[in-house]
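There are 2 protein chains.
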Amino acid sequence: MGSQVANLPYPLDPLSLDEINTAISLVKKAHGETLLFNVVSLHEPRKAEFTAWLASPETAPRPKRVADVVVIAPGGKVFDGLVDLAGGSITKWELLDGEQPIITMEELQLVEHIVRKDPKVIEQCVISGIPAEDMHKVYCDPWTIGYDERFGSKARLQQALMYYRPDIDTCQYQYPLDFCPIYDADKGEIIAIDIPKIRRPLSKAPAVDYHPAAVEARGGYRTNLKPINITQPEGVSFKLTGREIEWQNWKFHIGFNYREGIILNNITFNDKGAVRPIFHRLSLAEMVVPYGNPERPHHRKHALDQGEYGAGYMTNSLALGCDCKGSIHYLDAHFPTRAGGVRTIKNAICIHEEDAGILFKHSDFRDDSVIVTRGRKFIISQVFTAANYEYAIYWIFHQDGTIQLEIKLTGILNTYAMLEDEDTNGWGTQVFPGVNAHNHQHLFCLRVDANVDGPDNTVFVNDAVPSEAPVGSPENYYGNGFYNKRTKLETEGQARTDYNGATSRTWEIANTNKLNPYSKKPVSYKLVSREVPGLLPKEGSLVWKRAPFARHAVHVTKYRDDELWPAGRHVPQTSGEPSRGISEWIGDGAAPIDNTDLVLWHTFGVTHFPSPEDFPVMPAEPMTLLLRPRNFFAGNPAMDVAPSFCTTPSQIAAGREAVVDASDRMSRLAFEGDDGTV
Amino acid sequence: MGSQVANLPYPLDPLSLDEINTAISLVKKAHGETLLFNVVSLHEPRKAEFTAWLASPETAPRPKRVADVVVIAPGGKVFDGLVDLAGGSITKWELLDGEQPIITMEELQLVEHIVRKDPKVIEQCVISGIPAEDMHKVYCDPWTIGYDERFGSKARLQQALMYYRPDIDTCQYQYPLDFCPIYDADKGEIIAIDIPKIRRPLSKAPAVDYHPAAVEARGGYRTNLKPINITQPEGVSFKLTGREIEWQNWKFHIGFNYREGIILNNITFNDKGAVRPIFHRLSLAEMVVPYGNPERPHHRKHALDQGEYGAGYMTNSLALGCDCKGSIHYLDAHFPTRAGGVRTIKNAICIHEEDAGILFKHSDFRDDSVIVTRGRKFIISQVFTAANYEYAIYWIFHQDGTIQLEIKLTGILNTYAMLEDEDTNGWGTQVFPGVNAHNHQHLFCLRVDANVDGPDNTVFVNDAVPSEAPVGSPENYYGNGFYNKRTKLETEGQARTDYNGATSRTWEIANTNKLNPYSKKPVSYKLVSREVPGLLPKEGSLVWKRAPFARHAVHVTKYRDDELWPAGRHVPQTSGEPSRGISEWIGDGAAPIDNTDLVLWHTFGVTHFPSPEDFPVMPAEPMTLLLRPRNFFAGNPAMDVAPSFCTTPSQIAAGREAVVDASDRMSRLAFEGDDGTV
Ligand SMILES: [Co+2]
Ligand SMILES: [Co+2]
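Protein chains in written order, with this note's numbering: chain F, 201 to 878; chain L, 201 to 878.
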């Protein structure tokens with residue numbers, strides 16, 4: 201498709217490989233070669249600066265390219281810095297006190313090797329029933345420690361969840377060990393081991409594995425699935441300019457960072473020639489996975505995966521024809537290595553179209569005249585692996601103006617050892633002999649930097665409620681009256697709102713300055729989200745303190761630069777006292793949010809009570825939410841999608857053929873020529 | 201695929217064309233040629249008889265084929281009958297008193313012609329601004345009258361919702377008229393007209409149509425969608441024996457009737473050789489679409505579409521490559537005509553497979569060893585048209601044992617006239633000049649005749665709740681404890697339960713006689729449904745009385761033959777005093793439902809506050825629910841689905857190639873050879 205229009209990156213492009221190298225060189229030159237790089241990532245332009253440039257790219261100054269840098273210097277000293285890449289200068293360099301930056305993949309990978317050699321760990325393994333010479337069969341998933349008041353946040357810690365593999369290819373989560381070493385990154389050693397009062401020796405249950413040799417040994421793969429081919433012989437329907445993408449009236453920029461993974465910027469919809477802004481920026485800004493077993497040390501299992509490990513850092517390199525089928529475009533991701541190199545994740549982002557079934561249909565019962573129009577969807581996706589779990593994230597654009605976020609959970613349950621048939625006390629389920637999978641939640645925080653027909657927006661809570669008038673009263677004689685009760689959220693404090701299933705609650709991001717020409721209601725996008733379990737750890741609990749975004753289904757804040765991550769910038773080992781992130785920003789809640797540039801934060805997800813069918817590898821469990829245009833368009837914006845088939849009353853009355861028959865000629869009857877019965 | 205094994209139908213097969221003819225002949229011979237046939241449909245065998253045959257088809261008697269017949273004799277006399285087809289005898293013939301059977305498509309189609317010639321209707325049209333000579337441009341959607349206390353249920357009535365088409369191809373819902381004639385079927389005439397106090401003349405707004413000529417006149421169809429082809433060159437992965445279907449360990453029988461449409465019978469899953477029953481029968485048993493405008497006569501708009509018109513009778517004939525893509529198998533449906541003929545709906549049921557994305561995936565962060573397995577789904581679907589609306593029903597089977605019901609709503613809003621910019625009082629939305637689309641709900645009742653590992657089942661309500669112990673207490677020191685609170689539903693009365701979004705409530709259909717070998721919990725299927733708005737018409741309202749199933753998200757009844765339709769057998773013009781159907785059956789609620797053959801009834805759906813983007817034709821709005829195995833299987837039942845790609849730690853350590861690379865070779869890079877940028 202030709203070469204790039206300009207060599208200049210779009211201001212929201214992730215740092216290129218060269219830019220990361222430049223930033224690292226500048227930092228090394230100024231602060232020495234011994235630094236360990238945790239983060240070298242785009243410091244996004246200030247919104248005012250960016251939007252001024254966007255409004256007038258020829259005349260307004262182009263936002264500078266700035267690198268956000270976090271390093272760990274010898275002695276565990278953590279520095280936050282900003283590097284002006286073109287200027288070659290470090291514009292900020294700040295020593296942090298008692299804050300721990302994100303834990304990188306390299307840091308995670310180190311721990312297992314240390315654990316295997318630690319005499320106290322070896323001692324515990326022997327107690328568990330593993331001979332000392334089998335330490336190469338011992339594995340650990342290093343996790344952020346959450347917060348442990350015995351150690352605080354000065355030392356950089358990980359907790360090592362311990363497992364055993366009788367065979368290198370065996371799924372280790374079948375063989376959890378019952379103790380938990382704690383690793384100090386500065387010392388490079390194990391500083392403590394949490395040992396339970398009740399000991400649970402290594403399970404002797406034979407493994408049930410999902411790898412090919414194991415499946416073959418059990419009788420092999422099923423052979424009765426015939427291939428389904430999905431092809432686009434004329435090419436795809438989207439086009440890219442740099443990282444700006446256009447598809448079916450949609451246009452947006454695809455960003456990506458170490459933390460949130462996919463970021464969608466400057467989302468607009470071309471409404472009959474008028475390019476209308478909808479969202480300034482969409483991302484998953486944070487998540488938390490609290491486990492529900494209150495027994496020590498399981499309370500520490502509540503990963504804030506994005507702030508503590510990074511949805512970008514953990515992203516999979518995707519493979520054509522496996523993760524996605526059809527005609528795919530991939531984007532790579534570049535990240536620093538600890539030592540100051542660059543690693544590239546090939547195919548980090550998948551971009552493709554899918555058939556979406558019926559977009560709309562109507563038949564007239566009088567004459568069977570009919571229109572059937574098939575829909576198409578456009579999907580920007582990534583998959584990331586957080587130790588045992590995988591999260592597949594699909595940002596889906598529809599032709600009718602809807603944006604859907606779908607998340608599939610797959611991978612493997614986090615497991616803990618149990619004596620066979622030990623009472624789990626309701627905090628978990630025995631999913632396999634000797635394997636206790638604890639109750640947990642997966643809670644995600646969607647950040648919606650709204651721009652619905654302009655930056656000044658207002659949020660309303662919508663509740664479907666019956667008429668207040670009683671049955672038999674003149675206003676509601678037959679009792680059927682009901683309506684949409686709208687409540688304006690006036691302040692950040694008032695905007696802390698919960699889901700209400702009984703009223704099918706939705707949240708409406710409206711522009712009250714623009715009314716729909718027909719309904720006379722403000723143009724809006726409505727958040728329709730039905731999987732909103734709420735945080736089950738109680739008010740005042742450690743999780744509640746550390747993950748303030750999860751206290752309510754929705755928070756709304758006035759837009760302020762750098763308020764991106766609602767559990768704070770540096771998340772590992774925060775105590776939650778005081779809470780970082782959104783609770784700090786909201787403060788006393790007095791800031792007005794009526795008709796202003798605002799950000800809506802939505803926490804949704806699932807509560808997962810494991811069962812054996814989730815094990816040893818979990819069939820993908822999907823969850824979804826929608827951002828739907830309501831009173832935004834003057835009519836169905838997809839009426840000009842060509843129908844597959846259409847007949848009209850006039851043509852039927854005249855005995856003529858179909859007006860349109862563009863039905864897909866590649867479709868076939870399953871049993872051509874017969875009726876399929878055997 | 202060869203000829204049918206036996207000529208005998210499966211006992212749950214719909215009546216064949218020949219069987220319908222036989223029943224009609226027998227009835228005509230006995231009761232005369234002047235009868236109008238409303239229903240000639242399979243009278244399903246008694247469950248005890250059917251299950252005895254199923255257990256031992258060689259020795260137990262084969263259930264007789266019996267036709268359930270409803271006719272209207274001259275004078276509006278309604279008879280319910282049963283016809284023993286092989287025996288050639290009428291075993292039941294009963295005159296009903298004040299009950300109105302389902303309204304057929306033919307009855308609906310009659311009314312418009314009568315309306316156009318009625319002098320009082322013409323008078324009202326002229327008042328609305330339509331010249332008398334333009335009555336051919338006047339249309340009506342005849343609806344069941346709901347219940348109107350002025351007329352009761354002795355006369356067979358329809359209300360005619362009136363519209364105008366300036367052009368034969370124009371969407372009439374843009375031009376609603378403000379008055380409502382009432383048609384008496386026995387008299388064949390209009391017996392009354394409801395005329396509002398405020399008159400609303402015919403809108404003069406120019407039409408915005410969705411038919412091809414109209415779209416062409418506005419600039420034509422978009423041309424930037426490239427085709428997506430979906431093909432199965434080696435054929436499909438399912439096989440049929442009569443109407444029994446097998447796919448990926450699932451086996452079930454596909455029934456169909458005039459009322460519920462698709463019925464899935466005798467659903468089993470082959471679990472490593474053990475054929476385990478799960479559901480005896482699944483269907484959508486009833487629905488109700490209450491409109492929320494309390495002003496007369498809009499309170500009458502609350503169609504119980506299945507009991508009043510029939511999801512089978514209203515079913516569309518589907519077209520290859522339009523409604524469904526890929527390799528499709530269709531089944532036809534046969535119904536009686538009023539005069540005693542048979543009409544056939546070709547392609548009433550669509551059967552096909554679709555790719556389902558990632559079935560499961562896991563990567564090991566240590567060595568990037570990975571398994572990715574793609575899923576497949578199997579879909580039995582139909583689309584039916586209820587006047588303005590279309591409902592697309594998808595019964596989806598997954599490889600992991602999940603059954604999903606997805607419903608897409610499309611078609612056209614029901615509309616009423618308004619003065620331009622008249623206050624809708626919150627009961628509706630002006631979606632187009634002069635067009636008021638009233639608030640409404642679409643509530644569906646899923647009937648689950650359960651058979652989870654045998655007929656004796658028990659239902660539990662599951663609520664995700666925090667530990668009762670306070671933060672800081674020894675039992676819940678860090679406050680993170682939470683668990684699944686299970687409440688057994690002991691009686692039919694206690695089983696009237698509502699949704700609770702705050703606890704992510706699910707309902708578990710368990711077999712307490714069989715425990716999972718690992719979790720030691722009863723094997724179960726769990727109803728996971730998140731779109732459960734509850735009935736907004738108030739307790740005691742007309743809708744509440746007529747649609748008792750909609751009063752609660754879940755009812756559970758002991759299985760009793762003939763308790764199929766929860767608003768009663770004959771639904772039109774019921775007053776709701778007393779309520780028919782499920783409220784009768786439950787009575788005082790004392791019947792125990794612990795460990796017995798039971799039926800779970802689930803009412804779910806959406807509340808729809810229209811907006812202009814729904815008009816003039818509505819982009820499909822999906823809703824979904826799941827029936828998921830929990831503690832049913834000993835492990836993931838889909839582990840033997842062959843992976844697309846797999847590497848293992850041992851093979852990576854040895855530097856060898858992938859163990860499995862079966863990635864789809866038809867997939868392509870979108871911009872082969874370049875990076876896709878322009
Ligand atoms: Co989970
Ligand atoms: Co609707």
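Cβ coordinates follow ideal geometry from the N, Cα and C atoms, glycine included.
These numbers were taken from a predicted model, which means no experiment stands behind them.
Per-residue DSSP class, three states only, for S811/F: Looking at S811/F - three-state DSSP - the assignment turns out to be coil, as it is neither helix nor strand.
Neighbourhood of V436/L by C-beta distance below 8 angstroms, restricted to the same chain and skipping five residues each side: Once the five neighbours on either side are set aside, the close Cβ partners of V436/L are S527, H529, H552 and E553.
Nonlocal neighbours in the same chain, by C-beta distance under 8 angstroms from T431/F, ignoring five residues either side: These residues qualify, in order along the chain: G526 and S527.
Whole-number beta carbon distance between C522/L and C550/L, since they are thought to touch under 8 angstroms: The distance from the Cβ of C550/L to that of C522/L is about 10 angstroms, inconsistent with a contact at the 8 angstroms cut-off.
Cutoff 9 angstroms: I549/L Cβ touching any chain F Cβ: For I549/L, not one C-beta of chain F is nearer than 9 angstroms to its own C-beta.
Any chain F beta carbon closer than 9 angstroms to S783/L: No, S783/L does not count as interfacial toward chain F.
V806/F beta carbon near ligand 1 (any heavy atom closer than 8 angstroms): A heavy atom of ligand 1 is found nearer than 8 angstroms to the CB of V806/F.
Cβ distance (whole Å) where T658/L is taken to contact T712/L below 8 angstroms: 5 angstroms between Cβ atoms; contact.
Own chain partners of D814/L with C-beta closer than 6 angstroms, once the 5 adjacent residues on each side are dropped: Excluding positions up to five away in sequence, the list reads L613.
Check: P490/F C-beta below 8 angstroms from any heavy atom of ligand 1: Not so, every heavy atom of ligand 1 lies at least 8 angstroms from the Cβ.
Chain F within 9 angstroms of K714/L, Cβ atoms only: By the rule that beta-carbons nearer than 9 angstroms mark a contact, K714/L does not touch chain F.
Cut-off 6 angstroms between Cβ atoms - residues of its own chain near E294/F, not counting five sequence neighbours on either side: For E294/F, where only same-chain residues beyond five positions count, the Cβ hits under 6 angstroms are D280.
Check: Y616/L C-beta below 8 angstroms from any heavy atom of ligand 2: Flag unset: Cβ of Y616/L not near ligand 2.
Same chain, Cβ closer than 6 angstroms to G681/L, five either side skipped, listed in chain order: If the five residues before and after G681/L are omitted, its C-beta is found closer than 6 angstroms to the C-beta atoms of S667, all from its own chain and listed in chain order.
Neighbourhood of N684/L by C-beta, 7 angstroms cutoff - its chain only, sequence neighbours within 5 removed: Excluding residues within five positions, the ones whose Cβ falls inside 7 angstroms are N662 and A664.
Contact check, E244/L vs L212/L, beta carbons under 9 angstroms: Yes, the Cβ-Cβ distance between E244/L and L212/L is below 9 angstroms.
Beta-carbon separation (whole angstroms), L643/L vs G540/L, contact threshold 8 angstroms: No, L643/L and G540/L are not in contact; Cβ-Cβ is about 35 angstroms, not under 8 angstroms.
Nearest residue (CA-CA) to E622/F, options R459/F, R400/F and A834/F: The option with the nearest alpha carbon to E622/F is R400/F.
Exposed unless 16 or more other CB atoms sit within 10 angstroms - verdict on T222/L: It counts as buried.
Helix, strand or coil at I612/F [DSSP, three-state]: Here I612/F sits in coil by DSSP.
Alpha carbon of I272/F to alpha carbon of K229/F, nearest angstrom: Each residue's alpha carbon lies about 15 angstroms from the other.
Chain F contact residues for F832/L, given Cβ-Cβ distances below 9 angstroms: For a Cβ distance threshold of 9 angstroms, residue set S811, P812 and E813 of chain F lies close to F832/L, ordered along the chain.
Close beta carbons around T847/L, own chain, < 7 angstroms, minus the five adjacent residues each side: Hits under 7 angstroms: S569, V570, A858 and V859.
Nearest neighbour of E307/L, chosen from L236/L, K320/L, S844/L and K451/L [CA to CA]: Minimum Cα distance to E307/L is reached at L236/L.
Complete alpha helix (DSSP H) runs within the region 579-653 of chain F (minimum length 4 residues, chain order): Entirely contained in the region 579-653 of chain F, not one alpha helix (DSSP H) run reaches 4 residues.
Any non-hydrogen atom of ligand 1 closer than 8 angstroms to P822/F Cβ: Not so, every heavy atom of ligand 1 lies at least 8 angstroms from the Cβ.
Three-state secondary structure (DSSP) of G461/L: Secondary structure of G461/L (DSSP, three-state): strand.
Other residues of its chain near S483/F: CB distance less than 6 angstroms, five sequence neighbours each side excluded: Scanning its chain for C-beta atoms nearer than 6 angstroms, with the 5 sequence neighbours on each side dropped, one finds around S483/F the residues E460, I463 and R647, in chain order.
Cutoff 9 angstroms: M145/F Cβ touching any chain L Cβ: The shown model of chain F, from 201 to 878, leaves out residue 145/F, and the question about it has no answer.
Under 7 angstroms by beta carbon: chain L residues contacting N492/F: Per the sequence shown, residue 492/F should be read as Gly rather than Asn. Against chain L, a Cβ distance below 7 angstroms from G492/F picks out N680, G681, F682 and Y683.
Per DSSP, cross-strand counterpart(s) of T573/F: Under DSSP, T573/F forms a beta bridge with F560/F.
Cβ-based neighbour list, I393/L, same chain, cut-off 8 angstroms, excluding 5 preceding and 5 following: Residues of the same chain with a CB within less than 8 angstroms of the CB of I393/L, apart from the 5 flanking positions on each side, are K320, V321, Q324, F379, C380, P381 and I382 in chain order.
Interface flag, H598/F vs chain L, CB-CB below 9 angstroms: Chain L contact via Cβ: present.
C-beta atoms of L800/L and A650/L nearer than 9 angstroms: In this structure, A650/L lies closer than 9 angstroms to L800/L by Cβ.
Chain-order list of residues whose beta-carbon lies under 6 angstroms from that of L531/F (same chain, five-residue window excluded): Listed in chain order, the non-local C-beta contacts of L531/F below 6 angstroms within the same chain comprise I549, local neighbours out to five positions each way being set aside.
Partner residues on chain F for G582/L, Cβ-Cβ distance less than 8 angstroms: Reading the sequence as shown, one finds Gln at residue 582/L and not Gly. Under the 8 angstroms cutoff, chain F gives no residues; its nearest Cβ is about 12 angstroms from Q582/L.
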